[in-house]
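K.L.:
Structure below; questions to follow.
Protein chains: 2
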Amino acid sequence: MMALEGKKLGLSFIILDPQPNCPAASVVDQQIIASFYDKDKIKELAELTDIITYEFEHIDAEVLIQLAKDGYKIYPSPYTLKIIQDKYHQKEFLKNHQIPLPDFRPINTLEDLRGAALEIGLPLILKSRRGGYDGKGNFLIRDEGQMTEAYKHLKGERENDLMVEAFVDFNMEVSAIVARSTEGQTAIYPLSENHHKNNILFTTLVPARISKKIENKAKETALKVMELLEGVGVFCIEMFVDAKDEILINEIAPRVHNSGHYSMEGCSTSQFYQHIRGILGLPLGSTDLIKPSVMMNLLGEDKSSGRARVVGYEDLMKTPEAYLHFYGKTETKPHRKMGHFTVLNDDLEKGLRIATDLKGKIKVIAEEDV
Amino acid sequence: MMALEGKKLGLSFIILDPQPNCPAASVVDQQIIASFYDKDKIKELAELTDIITYEFEHIDAEVLIQLAKDGYKIYPSPYTLKIIQDKYHQKEFLKNHQIPLPDFRPINTLEDLRGAALEIGLPLILKSRRGGYDGKGNFLIRDEGQMTEAYKHLKGERENDLMVEAFVDFNMEVSAIVARSTEGQTAIYPLSENHHKNNILFTTLVPARISKKIENKAKETALKVMELLEGVGVFCIEMFVDAKDEILINEIAPRVHNSGHYSMEGCSTSQFYQHIRGILGLPLGSTDLIKPSVMMNLLGEDKSSGRARVVGYEDLMKTPEAYLHFYGKTETKPHRKMGHFTVLNDDLEKGLRIATDLKGKIKVIAEEDV
């Protein structure tokens with residue numbers, strides 16, 4: 001989606017991705033087929049391009065740091081990436097700068113976990129410090145009996161690389177898409193109200209249905225975080241609004257984000273175009289909301305795996321200001337993000353009803369299940 | 001631009017274009033480098049794809065007709081293309097169906113031209129029947145003394161392939177972007193008001209500043225033409241509004257058109273996406289105007305040829321709802337279409353002022369002239 005925006009400006013792209021013929025490969029000038037940890041190939045990419053960026057944070061920050069030292073332009077800065085990549089370091093960094101966030105502890109042993117439960121109280125979320133996404137690498141511990149299970153489960157996955165965090169019984173989860181350019185200019189999008197199912201983003205509503213006061217507080221916090229991290233390009237700052245209407249940082253993604261997909265049609269400047277502007281040092285574009293927007297993800301249906309097909313899209317295509325995106329991933333499997341759609345409407349609640357109705361009809365299934 | 005829209009649906013594209021690394025090549029899955037008249041390569045394209053379409057009418061219709069006979073899907077129909085491709089046949093076809101258009105005659109000799117001048121009167125436009133665009137292949141004859149010059153000029157270019165047409169002293173030139181699907185569904189966009197400079201489209205304003213009555217008449221005519229031609233995909237029907245507020249067909253393009261570029265941001269469904277829907281037999285999308293739109297072309301500056309650079313784009317990038325497109329053509333030369341921009345504004349006149357101001361600042365010049 002970033003390349004599609006960049007192509008409107010006639011830019012050239014080379015991507016590095018381990019999967020031959022991945023969706024991005026078909027819209028860029030060249031693909032380097034390599035692991036995100038392949039030092040030589042990442043160096044090759046740096047040599048072939050003017051600027052490197054990434055839309056995936058689980059890459060080797062040390063390799064990027066070495067390249068940055070050698071004078072290659074990499075945005076966001078690999079130093080910023082290094083802080084964010086390890087969730088414990090991320091949270092420590094925020095805490096040191098007085099940014100409000102749920103209480104947390106590093107966990108190296110089962111004893112650490114028991115100690116944290118005493119200090120913070122249950123429920124707790126045990127998390128892998130690196131590499132998690134869409135709830136993978138998280139374990140919600142509601143009672144003491146689950147501690148051993150949680151520890152074994154995550155420790156089995158990732159050696160000595162855990163932390164816990166207080167569970168926030170939030171009123172709402174919101175996110176801010178924030179942009180900052182190499183010139184230090186910042187811009188922030190209207191807040192997204194996010195709803196998850198099975199830990200995967202299901203719906204984003206924009207603007208988030210919160211008071212102006214909370215909105216302003218959340219935006220201030222997000223902008224402050226962006227400045228502290230010296231972020232360049234587009235970041236997503238996920239936040240909780242808790243029962244006391246306090247803002248707590250949940251997590252930071254140093255990249256364009258699913259909760260900002262609505263901006264493709266909902267805003268003057270999409271998050272993808274904004275990211276490109278930011279890393280190229282171009283003036284940032286307007287983040288004005290054109291109309292209230294409802295984004296819904298299209299996940300692979302349960303119990304259906306195989307060559308992907310979309311069915312039931314007809315009504316969506318007939319609906320004015322309903323925009324379908326299908327990512328061109330060849331294979332569908334349960335819960336895989338296969339596409340999304342956005343409905344714009346002057347009345348957000350009406351937009352939500354339209355989107356909910358359309359969502360009930362459209363499905364991504366395997367060809368053999370059509 | 002068609003591929004960029006199709007990629008949002010995850011479609012695959014193979015293009016045939018004679019120029020290696022042409023702008024489209026970098027956003028599609030594969031390029032066949034071949035002339036638009038290369039029968040074997042066009043057949044190869046047909047074999048590799050599910051559907052063939054074109055966005056350029058100067059191709060060999062006979063080759064496409066043979067492929068259609070062999071069962072390959074080609075939209076718009078090559079029979080339609082054949083009628084449109086030869087401007088004289090196009091106009092004869094329209095005349096036979098009682099569609100209003102300026103008086104015209106075929107011209108095979110200088111004598112024919114003198115005869116037509118007597119019958120129709122001056123001024124006349126002498127035209128190549130095939131292959132013209134942006135005023136190329138046209139010669140406006142204002143007085144008798146220009147006849148030999150005009151005839152020699154165009155005859156020199158294209159052997160025995162001329163026609164004349166009465167010059168219409170129009171109040172306005174408008175165009176209608178019309179879509180028709182393989183299922184026979186039709187949709188029409190708001191009328192574009194077009195202004196040219198040196199015979200090249202300079203500005204499109206939408207909606208055209210004409211009365212509802214004329215608008216309806218023009219739309220009816222355009223839809224009728226689309227049905228008569230059994231068009232599939234998106235066509236552009238260019239029309240004159242003459243001094244008596246009559247609608248006269250100017251020319252038909254069996255493809256997406258520069259005067260429909262505004263639809264990328266100005267309408268719910270861009271002309272490119274609509275074309276894809278039409279040829280795939282998908283439901284056509286809404287053609288509702290989101291906001292009044294002003295599109296201006298960015299042509300290569302006079303006296304500047306070389307590696308293309310855009311300068312003075314900063315204000316455009318800072319303006320909300322101003323959208324820059326730069327086509328990624330490597331070389332600029334005078335009057336070459338290098339990009340365009342569109343300004344959306346609730347007030348069309350205000351949008352025009354904003355666009356005019358921005359147009360005064362932005363330029364496409366050769367790198368060495370920066």
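Here the protein sequences line up with chains A and B, keeping their order.
Under the UniProt record's numbering, the first residue of the first sequence carries the number 1, and numbering increases by one thereafter.
Under the UniProt record's numbering, the first residue of the second sequence carries the number 1, and numbering increases by one thereafter.
Idealized CB from N, CA, C, for every residue including glycine.
Hey, is residue 382 of chain A's beta-carbon within less than 9 angstroms of any beta-carbon in chain B?
P.N.:
What is shown of chain A runs 1 to 370, which leaves residue 382 of chain A out entirely.
K.L.:
Select from the segment 14-30 of chain A all residues with a C-beta closer than 8 angstroms to any C-beta belonging to chain B, and list them in chain order.
P.N.:
Per Cβ criterion, the list reads 23, 26, 27, 28 and 29.
K.L.:
Per DSSP, which residues does residue 267 of chain A bridge with? Please list them.
P.N.:
Beta-bridge pairing links residue 267 of chain A to A:289.
K.L.:
Going by the CB atoms, is the gap between residue 191 of chain B and residue 179 of chain B shorter than 9 angstroms?
P.N.:
Contact: no.
K.L.:
What in chain A is Cβ-close to residue 48 of chain B, meaning under 9 angstroms?
P.N.:
Per Cβ cutoff of 9 angstroms: no residues; residue 48 of chain B is ~14 angstroms from chain A at best.
K.L.:
Can you tell me whether residue 357 of chain B is buried or exposed, with buried defined as 16 or more other CB within 10 angstroms of its CB?
P.N.:
Counting Cβ neighbours within 10 Å, residue 357 of chain B comes out exposed, since fewer than 16 surround it.
K.L.:
Which of the three DSSP states, helix, strand or coil, is assigned to residue 171 of chain B?
P.N.:
Of the three classes helix, strand and coil, the one that applies to residue 171 of chain B here is coil, per DSSP.
K.L.:
Between the beta-carbon of residue 188 of chain B and the beta-carbon of residue 222 of chain B, is there less than 9 angstroms?
P.N.:
Yes, the pair counts as a contact, with Cβ atoms nearer than the cut-off.
K.L.:
Does the CB of residue 339 of chain B have a neighbour CB from chain A at under 9 angstroms?
P.N.:
Yes, residue 339 of chain B counts as interfacial toward chain A.
K.L.:
With a Cβ-Cβ cutoff of 9 angstroms, do residue 309 of chain B and residue 230 of chain B count as a contact?
P.N.:
No; because the gap between Cβ atoms is not below 9 angstroms, this pair is not in contact.
K.L.:
Alpha carbon to alpha carbon, what distance is there between residue 249 of chain B and residue 343 of chain B?
P.N.:
One C-alpha to the other measures close to 28 angstroms.
K.L.:
Is residue 347 of chain A close to chain B? Criterion is C-beta to C-beta, closer than 9 angstroms.
P.N.:
By this cut-off, residue 347 of chain A is not an interface position.
K.L.:
Out of A:26, A:46 and A:55, state which residue places its alpha-carbon closest to the alpha-carbon of residue 71 of chain A.
P.N.:
Cα-wise, what sits closest to residue 71 of chain A is A:46.
K.L.:
Using 9 angstroms as the limit for Cβ to Cβ distance, is residue 317 of chain B near chain A?
P.N.:
So, interface residue.
K.L.:
Would you say the beta carbon of residue 213 of chain A is closer than 8 angstroms to some non-hydrogen atom of the ligand ZN?
P.N.:
The model depicted lacks the ligand ZN and carries no ligand whatsoever.
K.L.:
If contact is defined by three or more beta carbon pairs under 8 angstroms, each pair taking one atom from either stretch, is the segment 165-174 of chain A in contact with the segment 124-141 of chain A?
P.N.:
At 8 angstroms Cβ cutoff, the stretches touch.
K.L.:
Name, in chain order, the residues that DSSP records as bridge partners for residue 165 of chain A.
P.N.:
DSSP lists A:104 and A:125 as partners of residue 165 of chain A.
K.L.:
Output needed for residue 355 of chain B: all residues of its chain with C-beta closer than 7 angstroms, excluding positions within five of it in sequence on either side, in chain order.
P.N.:
Around residue 355 of chain B: 294, 296 and 343.
K.L.:
Along the segment 281-301 of chain B, where does the CB come closer than 7 angstroms to a CB of chain A? Name the residues.
P.N.:
Per Cβ criterion, the list reads 282, 283, 285, 286 and 288.
K.L.:
Does the beta carbon of residue 307 of chain A sit closer than 9 angstroms to a beta carbon anywhere in chain B?
P.N.:
Answer no: the Cβ-Cβ gap between residue 307 of chain A and chain B never drops below 9 angstroms.
K.L.:
Assign residue 161 of chain A to buried or exposed, taking buried as 16 or more other Cβ atoms, counted over all protein chains shown, within 10 Å of its Cβ.
P.N.:
So residue 161 of chain A counts as buried.
K.L.:
Name the residue from A:286, A:136 and A:243 whose alpha carbon lies nearest to the alpha carbon of residue 336 of chain A.
P.N.:
For residue 336 of chain A, the nearest C-alpha among the options comes from A:136.
K.L.:
Taking just the CA atoms, how far does residue 94 of chain B sit from residue 25 of chain A?
P.N.:
Going from the Cα of residue 25 of chain A to the Cα of residue 94 of chain B covers about 45 angstroms.
K.L.:
Counting pairs of Cβ atoms below 8 angstroms between the segment 34-45 of chain A and the segment 10-21 of chain A, do you hit three or more?
P.N.:
Yes, they touch.
K.L.:
Give the residues of chain A in contact with residue 12 of chain B, contact being defined as C-beta atoms less than 9 angstroms apart.
P.N.:
Simply 26 and 328.
K.L.:
Helix or strand or just coil, what does DSSP make of residue 221 of chain B?
P.N.:
Helix at residue 221 of chain B.
K.L.:
Extract the residue ranges of the beta strand (DSSP E) inside the segment 283-344 of chain B, only unbroken runs of 3 or more that lie entirely within it.
P.N.:
Segments of the beta strand (DSSP E) lying fully in the segment 283-344 of chain B: 293-299, 306-311, 322-326 and 337-344.
K.L.:
Identify the continuous alpha helix (DSSP H) that holds residue 80 of chain A and give its terminal residues.
P.N.:
78-85 is the span of the alpha helix (DSSP H), which, as asked, contains residue 80 of chain A.
K.L.:
Thinking C-beta only, is residue 236 of chain B closer than 9 angstroms to residue 176 of chain B?
P.N.:
Result yes, Cβ atoms of residue 176 of chain B and residue 236 of chain B sit closer than 9 angstroms.
K.L.:
Quick one: what's got a C-beta closer than 8 angstroms to residue 251 of chain B's C-beta in the same chain, skipping five residues either side?
P.N.:
Cβ within range, chain order: 87, 90 and 238.
K.L.:
Between the alpha carbons of residue 10 of chain A and residue 4 of chain B, how many angstroms are there, rounded?
P.N.:
If you take the alpha carbons of residue 10 of chain A and residue 4 of chain B, they lie about 12 angstroms apart.
K.L.:
With a cut-off of 9 angstroms, does the C-beta of residue 372 of chain A fall near any C-beta of chain B?
P.N.:
Outside the displayed range of chain A (1 to 370) lies residue 372 of chain A, so it cannot be described from this structure.
K.L.:
Quick one: using the 10 Å Cβ neighbour count with 16 as the cut-off for buried, is residue 196 of chain A buried or exposed?
P.N.:
Its Cβ having fewer than 16 others within 10 Å, residue 196 of chain A is exposed.
K.L.:
Return the chain-ordered list of same chain residues with a C-beta closer than 7 angstroms to the C-beta of residue 48 of chain A, the five sequence neighbours on each side being excluded.
P.N.:
Result list for residue 48 of chain A: 14, in chain order.
K.L.:
Quick one: grab the DSSP three-state call for residue 375 of chain B.
P.N.:
Summary: the structure shown does not reach residue 375 of chain B, with chain B confined to residues 1 through 370, and so no result is reported for it.
K.L.:
Three or more C-beta pairs under 8 angstroms: does that hold for the segment 282-290 of chain B against the segment 318-330 of chain A?
P.N.:
Yes, since at least three Cβ pairs between the segment 282-290 of chain B and the segment 318-330 of chain A fall closer than 8 angstroms, the two stretches touch.
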